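What follows is one structure encoded as structure tokens, with my remarks underneath.
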Amino acid sequence: MRIGFNKYISLAMLSVATPMLAIAADSAAQPAAEGNSFNAILIGLVCISLVLLFAILVLGNTLRQLAFVYRDKMRDEKKSGIAKTLLLLIAATVGSFAANAQVAETASQAPAFISGIPAVHFYTLISIIALQLLVVISLAFLVRTMVRLISNDPAKAAVAKEIVKVNFWDRFNKVVPLEKEADILLDHNYDGIKELDNSLPPWWKYGFYVTIVVGFIYMWYYHAGGNGPSSHDEFVAEMQAGEEAKAEYLAKSANNVDENTVKMLGADGIAAGATIFDQVCAACHAKDGGGGVGPNLTDDYWLHGGSVKDIFKTIKYGYPDKGMKSWKDDYSPNQIAQITSYVKSLQGTKPAAPKDKQGELYIEASTPTDSTAAPAADSAKVASK
Amino acid sequence: MNNTLQTDKFFYDNKIVKWFAYATILWGLVGMLVGVLAAFQLVFPVLNLNTAETTFGRVRPVHTNAVIFAFVGNGIFMGVYYSLQRLCKARMFSDFFSKLHFWGWQLIIVLAAVSLLAGYTTGKEYAELEWPIDILITLVWVVFGVNMFGTIIKRRERHLYVAIWFYIATFVTVAMLHIVNSWEIPFSFMKSYSWYAGVQDALIQWWYGHNAVAFFLTTPYLGIMYYFLPKIANRPVYSYRLSIIHFWALIFIYIWAGPHHLLYTALPDWAQSLGMVFSVMLIAPSWGGMLNGLLTLRGAWDKVREDVVLKFLVVAVTAYGMATFEGPMLSVKTVNAISHFTDWTIAHVHVGALGWNGFLTFGVLYWLIPKIFRTNLYSQKMANWHFWIGTLGIVIYAVPMYWAGFMQALAWKEFTAEGQLKYQFMETVTQMRPFYMMRGIGGVLYLVGAVMMTYNLVKTIRSGKAVDEEAAEAAPLSKVYEEHGSHHWHRWIERRPVQMMVFSLVLVAIGGLIEIIPTFMIKSNVPTISSVKPYTPLELQGRDIYVREGCYTCHSQMIRPFRSEVARYGEYSKAGEFVYDHPFQWGSKRTGPDLARVGGKYPDSWHFNHMYEPNSMSPGSIMPAYPWLFENDIDTAITPAKIKAMQTLGVPYEEGYAGKANVDLMKQAEQIRGNLAKDNIQAKSNKEIIALIAYLQRVGTDIKLEQKTAASN
Chain A
642 MRIGFNKYIS LAMLSVATPM LAIAADSAAQ PAAEGNSFNA ILIGLVCISL
692 VLLFAILVLG NTLRQLAFVY RDKMRDEKKS GIAKTLLLLI AATVGSFAAN
742 AQVAETASQA PAFISGIPAV HFYTLISIIA LQLLVVISLA FLVRTMVRLI
792 SNDPAKAAVA KEIVKVNFWD RFNKVVPLEK EADILLDHNY DGIKELDNSL
842 PPWWKYGFYV TIVVGFIYMW YYHAGGNGPS SHDEFVAEMQ AGEEAKAEYL
892 AKSANNVDEN TVKMLGADGI AAGATIFDQV CAACHAKDGG GGVGPNLTDD
942 YWLHGGSVKD IFKTIKYGYP DKGMKSWKDD YSPNQIAQIT SYVKSLQGTK
992 PAAPKDKQGE LYIEASTPTD STAAPAADSA KVASK
Chain B
36 MNNTLQTDKF FYDNKIVKWF AYATILWGLV GMLVGVLAAF QLVFPVLNLN
86 TAETTFGRVR PVHTNAVIFA FVGNGIFMGV YYSLQRLCKA RMFSDFFSKL
136 HFWGWQLIIV LAAVSLLAGY TTGKEYAELE WPIDILITLV WVVFGVNMFG
186 TIIKRRERHL YVAIWFYIAT FVTVAMLHIV NSWEIPFSFM KSYSWYAGVQ
236 DALIQWWYGH NAVAFFLTTP YLGIMYYFLP KIANRPVYSY RLSIIHFWAL
286 IFIYIWAGPH HLLYTALPDW AQSLGMVFSV MLIAPSWGGM LNGLLTLRGA
336 WDKVREDVVL KFLVVAVTAY GMATFEGPML SVKTVNAISH FTDWTIAHVH
386 VGALGWNGFL TFGVLYWLIP KIFRTNLYSQ KMANWHFWIG TLGIVIYAVP
436 MYWAGFMQAL AWKEFTAEGQ LKYQFMETVT QMRPFYMMRG IGGVLYLVGA
486 VMMTYNLVKT IRSGKAVDEE AAEAAPLSKV YEEHGSHHWH RWIERRPVQM
536 MVFSLVLVAI GGLIEIIPTF MIKSNVPTIS SVKPYTPLEL QGRDIYVREG
586 CYTCHSQMIR PFRSEVARYG EYSKAGEFVY DHPFQWGSKR TGPDLARVGG
636 KYPDSWHFNH MYEPNSMSPG SIMPAYPWLF ENDIDTAITP AKIKAMQTLG
686 VPYEEGYAGK ANVDLMKQAE QIRGNLAKDN IQAKSNKEII ALIAYLQRVG
736 TDIKLEQKTA ASN
């Protein structure tokens, strides 16, 4: 009886666990966004489901054993009226196992219906877990009812208690109880250390099998017959998704500024620009714009032009050969406009240690102060010599 | 019949155990103290003291080497020398070898500390020691092996207990890993280049690095657990069958897992996947050890409440279980994409090191010292305090580091709706400082516990008298052995130590061979890039300075194929870019930003100012200053030897280039001096800083040349 039951446990575990992990592996394989948290959630759900499955099996077995005790009790008492209750309970037990089998069935069908949409996996798993929870609760309720029914007979109550206790921990690890330890004590003796011959804890053993199966599936999916994406494929997909999201946002937003449309911003914009400037630009251009590694930004001489548009362009694309990096990947067009406005606002201030003039003299035609003013005159450049 | 009644009388050598115990305590304190210093250097850069020898890049390898090889190393030998004699019912094979082993190992430790602080390093994590010390380690390891096998051969116990299986596996595997990974070509008395380059060097290094964890921090300590835990708890080992399965599965599978340190790097995808799936398979074999430990305590949990030694052991085994579950999770590519390069990894290893290795060592010491000195522990109460302070220390260390790791990962990856990175790298650094502070405090608590233990044990030692020679007797083994009745099949190999060693070696060799050989032999695994050229002599000198200062302890040189990394650092790193990198410098942690494409990003003057005073160029930086690079001259006398060594390794410098290399070196140095002068910086062209700038400006730029030529065609 017992052996048969254990076989049932292992079969059920494998039949449920393998497809579920396959779902997880498959989902992890979707060319998903970097660090996709969905996969982590998925794996977590599979784990929860496995734990619940185990709880079902343990509870089911407990209930089954209790049912035998109850049957004996009924037999002793010879009360035919309660036979109906007994039948009912056994039916309930069978029913609960049927529910369990149904779970296994749902799970094994799942991969066939997946069309590559992780959402499907998610909802499948959630429904499995919900179903399992329902089963666990009803089984727990049945176990409690059963123990109550038995407990009016003191002798049987003790047995029932023992079943409930043993099942939840020792069954879990399949340990031989302390009292029966002598039966499995080996004749080994190493400096007084002896060894027992307990079986491998079933959850450990089957867990090990599952990881091996998953390993093979994974290797097959990515490197043998399967169509798993390479790291590079994942990267391409991620970049594409990023670009699309960005384009979509920029198309809708007022952020759509470039070197042809940029205008001097007002006080708020300048203040925002100042914050970024102090954080990043000051390293090379000094906090007051007086220059250092990079050129002085307060004088009238410019290496790459001094108009708002020119400065915007310089920040955006940079002049990498001369040590100015491109900032377009670090800051949005609006932010670059803010920095530009702040740099413009430094014009004519007196820095503490100004660097010598570099580049050509630039004279502004008019000096607009906010975005509503006319655009800065372009190329009002005069050769410095 | 008469034969069995005759017993040999002999003595266990407790003296050597005692020495190893003293060394364990001493180096433990040193290693932890250095760790605390390194932790606070990340909060207060001023603690780097503006001196080469006390700067983080050199201190951190001293910390890792000290705790792994000095503290845990001596702990292993303490446990092995005590348990092996008793499990074999024999004195150690040779007292002379025992002493040679002990003093040889201590000499290695001292040489390691001095040479690492002096800047002699191979630049490969946990294998930083230079070639003369590597040879010394090999010799001393052989002495240990001979002593161990000698003892096993002359044993009076027919079968080998599970602890000894673990010791044997440890011996052969560490020997294999150390020799293969330390294969290097010397070009001076204390300096060498790794025999392997780039991707291959990385694979070998992490095959070694991961299995240093497996076969230095895990298998010997499992052996120690298998002896001391049942002994102290006075309970039979839970399951002999579990021991067999988890032992063989563990040593076979562990070896394969190395590439999980290189997920999403330029390592070929197939090798990464193998590393990942074998790591996941490793959960059960690792947990087998934890289960056998914890379930052995069944029926003894009342003792655990009372006995401080058992408390230490229980926390140790639990920490082992946590770390070996977390490890496989971190090896899953999706998780690793988040965790790698962050402080999450630091938290993970410290749960293992402080919890498993540290607490197991403490537990064994608290039990062993009173036993050897035939006395009682000086203060149970103090030991209890140590237990709680130590546990608190681990928690205060680990929790902020986990938190810091998550924060870093999220901040590094976050984009704004406009498609820009949300945070500058520096913002993620300044956010870390409170967490680094907490971590330091956790470390201090743990150290305080260790100091209390030292005091407690010194008092214990004073109150007793050492039994250096412990009398024992046992019947000798009969020449002929007949098995009676039915026995487990595994008993066969338990009687045959040599077969067990050979079989272990074959098993642990398989994983490495399957991963390493194709990476070397099959060209498509490292596609060549024609524009990648060898370093110029000045850049090579600069690179060696980069290695010497341990820049890799905080900076990676490996851009992973993620949108966030490409946006932050540039095009992702390709295998072909590293073919001349002896050793590879991919790093494993980003306390500072990645440097794989730092070349050409800033002007020379930026680097000059930055290395002199990092805060001047990067306000808020926690990087130490490197003033000595501005005073030291470039060692041009060694340039020809370096070029020749590189030529031996297959780097295509033209024939006879070694003789001309210094001319090119000076020319390039002069050019950099000129660049600096343009920015009003007066520097001498023969200073080390010039070489370092040359190297930094070169890193990762070769591939851009290819794109330029491709564009112009």
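Protein sequences appear in the order of chains A and B.
Per my numbering, residue 642 is the first one in the first sequence, and the count goes up by one each step.
Per my numbering, residue 36 is the first one in the second sequence, and the count goes up by one each step.
All C-beta atoms, glycine included, are put in the ideal place defined by N, C-alpha and C.
Computed from a prediction, not measured in an experiment: that's the story for all the values here.
Legend entry - Alpha-carbon to alpha-carbon, A284(B) and T852(A): The straight-line gap from Cα to Cα measures roughly 13 Å.
Inset, instruction - Would you mind sorting F752(B) into buried or exposed? The rule is 16 or more other CB atoms within 10 Å of its CB. - result: Since the first residue of chain B shown is 36 and the last is 748, residue 752(B) is not available in this structure.
Legend entry - For M535(B) and Y516(B), the rounded distance between their alpha carbons: When rounded, the distance between both Cα atoms is 18 Å.
Legend entry - Contact set between the stretch 269-291 of chain B and chain A, restricted to residues whose Cβ is under 7 Å from the partner: Answer in chain order: P271, V272, Y273, S274, Y275, R276, L277 and I280.
Legend entry - K53(B) to R333(B) span [Cα, whole Å]: Rounded to whole angstroms, the separation of the alpha carbons of R333(B) and K53(B) is 31 Å.
Legend entry - Short-range partners of chain A found in the stretch 459-490 of chain B, where Cβ spacing is below 7 Å: Against chain A - using a Cβ distance shorter than 7 Å - the residues of the stretch 459-490 of chain B are Q459.
Legend entry - M364(B) to T495(B) span [Cα, whole Å]: Going from the Cα of M364(B) to the Cα of T495(B) covers about 43 Å.
Legend entry - Nearest candidate by alpha-carbon position, reference K893(A), set A452(B), I199(B) and M436(B): Looking at the Cα atoms, A452(B) is the closest of the given residues.
Inset, instruction - Compare the C-beta of T852(A) with all C-beta atoms of chain B and state if any pair is closer than 9 Å. - result: Closer than 9 Å to some Cβ of chain B, the Cβ of T852(A) qualifies, so yes.
Inset, instruction - Please report how far the alpha carbon of I770(A) lies from the alpha carbon of A354(B), in whole angstroms. - result: Per the coordinates, the alpha-carbon of I770(A) lies some 30 Å from the alpha-carbon of A354(B).
Inset, instruction - Grab the span of the alpha helix (DSSP H) containing S118(B) for me, first residue to last. - result: Here the alpha helix (DSSP H) through S118(B) covers G108 to C123.
Inset, instruction - For V81(B), count neighbouring C-beta atoms within 10 Å of its own C-beta (all shown protein chains included) and say buried if the count is 16 or more, exposed if not. - result: Exposed, by the Cβ-count rule.
Legend entry - C-beta atoms of R632(B) and V464(B) nearer than 9 Å: Against a cut-off of 9 Å, the Cβ pair of V464(B) and R632(B) comes out as no contact.
Legend entry - E1001(A) at chain B interface by Cβ criterion, 9 Å: With 9 Å as the cut-off, E1001(A) does not count as an interface residue toward chain B.
Legend entry - Residue ranges of each alpha helix (DSSP H) within the stretch 897-937 of chain A, 4 or longer: Every unbroken stretch of the alpha helix (DSSP H) spanning 4 or more residues and falling wholly within the stretch 897-937 of chain A is given here in chain order: 908-917 and 923-926.
Legend entry - 4-residue-minimum alpha helix (DSSP H) runs that sit fully inside the stretch 785-834 of chain A, ordered along the chain: As far as the stretch 785-834 of chain A is concerned, its whole alpha helix (DSSP H) runs of at least 4 residues are 795-814.
Inset, instruction - Report buried or exposed for Y401(B), applying the criterion of at least 16 other Cβ atoms within 10 angstroms of its Cβ. - result: By the Cβ neighbour-count rule, Y401(B) is buried, with 16 or more other Cβ atoms within 10 Å of its own.
Inset, instruction - From the DSSP output, in three-state form, read off I220(B) for me. - result: Strand at I220(B).
Inset, instruction - Output, in sequence order along the chain, the residues in the stretch 409-429 of chain B whose CB is closer than 8 Å to any CB in chain A. - result: Listed by position, the residues of the stretch 409-429 of chain B near chain A (Cβ gap below 8 Å) amount to none.
Legend entry - Alpha-carbon to alpha-carbon, E705(B) and D997(A): Separation of D997(A) and E705(B) (C-alpha to C-alpha, rounded to the nearest whole angstrom) is 24 Å.
Legend entry - Residue from P870(A), F695(A) and K954(A) with nearest C-alpha to V777(A): Minimum Cα distance to V777(A) is reached at F695(A).
Legend entry - Neighbourhood of G328(B) by C-beta distance below 7 Å, restricted to the same chain and skipping five residues each side: Counting only Cβ-Cβ distances below 7 Å, and skipping sequence neighbours, we find M260, L264 and V352.
Inset, instruction - Return the chain-ordered list of same chain residues with a C-beta closer than 7 Å to the C-beta of I424(B), the five sequence neighbours on each side being excluded. - result: For I424(B), where only same-chain residues beyond five positions count, the Cβ hits under 7 Å are L480, V483 and G484.
Legend entry - Helix, strand or coil at M442(B) [DSSP, three-state]: In the structure shown, the three-state DSSP call for M442(B) is helix.
Inset, instruction - Report the neighbours of A924(A) on chain B: residues whose CB is nearer than 8 Å to its CB, in chain order. - result: Going along chain B in sequence order, the residues near A924(A) (Cβ under 8 Å) are W641, S651, M652, S653 and P654.
Legend entry - Amino acids of chain A, ordered along the chain, whose beta-carbon sits closer than 7 Å to that of V312(B): Near V312(B) (Cβ distances below 7 Å), the residues of chain A are G856, Y859 and M860.
Legend entry - Nearest-angstrom Cα separation, counted from W336(B) out to I697(A): If you take the alpha carbons of I697(A) and W336(B), they lie about 29 Å apart.
Inset, instruction - Can you say whether I758(A) is buried or exposed, counting buried as having 16 or more other CB atoms within 10 angstroms of its CB? - result: Since pLDDT at I758(A) reaches only 41, below the 50 mark, its modelled position is unreliable, and no value is offered.
Legend entry - Residues near I956(A) in its chain [Cβ-Cβ closer than 7 Å; skip 5 each side]: Closer than 7 Å at the Cβ level, and outside the excluded window around I956(A), lie W968, I977, I980 and T981.
Inset, instruction - Starting from S308(B), follow the alpha helix (DSSP H) in both directions and report where the run begins and ends. - result: Where S308(B) is concerned, the enclosing alpha helix (DSSP H) stretches over D304 to M316.
Inset, instruction - Determine, using beta carbons only, whether P961(A) comes closer than 9 Å to chain B. - result: Judged by the 9 Å Cβ criterion, P961(A) is in contact with chain B.
Legend entry - Backbone secondary structure at Y196(B) - three-state DSSP: Residue state, collapsed to three classes: coil.
Legend entry - DSSP beta-bridge partners of S229(B): DSSP, once it has assigned bridges, lists E219(B) as partnering S229(B).
Legend entry - Inter-residue spacing [alpha-carbon to alpha-carbon] between M905(A) and M965(A): Rounded to whole angstroms, M905(A) to M965(A) spans 22 Å at the Cα level.
Legend entry - For P672(A), the three-state DSSP class (helix, strand or coil): With a pLDDT of 42 at P672(A), under the threshold of 50, the modelled position of this residue cannot be trusted; read the value that follows with caution. Look at P672(A) here: in three-state DSSP terms it is coil, with no helix or strand label.
Legend entry - Between the CA atoms of F250(B) and W200(B) - distance to the nearest angstrom: The straight-line gap from Cα to Cα measures roughly 12 Å.
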